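J.: Quick note on numbering: UniProt numbering labels position 69 of the sequence shown as 69, and the sequence is numbered without any gaps. This structure is in structure tokens; I'll ask about it shortly.
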Amino acid sequence: MVYITTNRPLGASVHLDRGSLYVCTVPLLSGKFHWSLIHITETGVATRHHWAAVGANPQGRETYVKQTLPRGPLTASATQILGYFKVTAYRTGNGVVRDPDGFWEVCKSVFPQSYPTAEENRQHNISCRTWVTNVLQGLGIERAQALKVEQAVTSRSQACETRYLRSYLNSEPYQIVIDEI
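This is the structure in structure tokens:
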């Protein structure tokens, strides 16, 4: 078990399993989410992998980003993490790439190019969500299973967002969801 301090009030921590892969979602405007992968090695090293904007312009060019998380998935904007969704097929699938270097190679090869703007990427079906789904397939998880993960994460993130907004409106703390898919 790995303890990751999050951006929740009071520096609360979440418990993520070693040798596992999680999809992490953060709310965006208009009911959408930013998706990233949190890879935890057998030795407990946590790394965030995601498709994200280059620089401060969210509408500009995007690329694959890899971040080692010595203290957990903190973001500069202190955006609320809705949930960590453990991809069970990552642990149970035969032939799935699990070593950090192989994982990194898959991540950086999924979308070898980015269009000049986020809008152009969306027109070509390139987003953080589709990047995650493609990485899962690149790691050796069957397409049907990767699509089920995508659907489940979307559905559960929508439910989490509703709870998060309710917590915010009632000035109550939000409990980050940790769930298996």
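Heads up, the beta-carbon is just placed ideally off N, CA and C, and yes, glycines get one too. Fair warning: this is a prediction, and the values are worked out from it, not measured in the lab.
#1: In angstroms with no decimal places, state the Cα-to-Cα distance between T47 and Q67.
#2: What does a CB cutoff of less than 6 Å around A146 pick up in its chain, not counting 5 residues either side in sequence?
#3: Would you call the segment 145 to 163 in contact with the segment 26 to 37, where contact means no fewer than 3 C-beta pairs closer than 8 Å?
#4: Classify residue 183 as buried or exposed, calling it buried when 16 or more other Cβ atoms lie within 10 Å of its own Cβ.
#5: Given T63, which residues of its chain have a CB within under 8 Å of its CB, disregarding the five upstream and five downstream residues?
#6: What three-state label does DSSP hand T130 in the structure shown?
#7: Classify P27 as buried or exposed, calling it buried when 16 or more other Cβ atoms lie within 10 Å of its own Cβ.
#8: Residues in the same chain with beta-carbon distance under 8 Å from W131, minus the five sequence neighbours each way, listed in chain order, please.
T.: On the basis of the supplied data:
#1: Between T47 and Q67, the C-alpha separation is close to 6 Å.
#2: So the qualifying residues of the chain are T133, L136, Q137.
#3: Because the criterion of three Cβ pairs below 8 Å is met, the segment 145 to 163 and the segment 26 to 37 touch.
#4: Any answer about residue 183 is impossible in this case: the structure gives the chain only from 1 up to 181.
#5: So the qualifying residues of the chain are W51, A52, V54, S114.
#6: For T130, the three-state secondary structure derived from DSSP is helix.
#7: With 16 or more other Cβ atoms inside 10 Å of its own Cβ, P27 counts as buried.
#8: Listed in chain order, the non-local C-beta contacts of W131 below 8 Å within the same chain comprise W35, H50, W51, Y64, V110, F111, local neighbours out to five positions each way being set aside.
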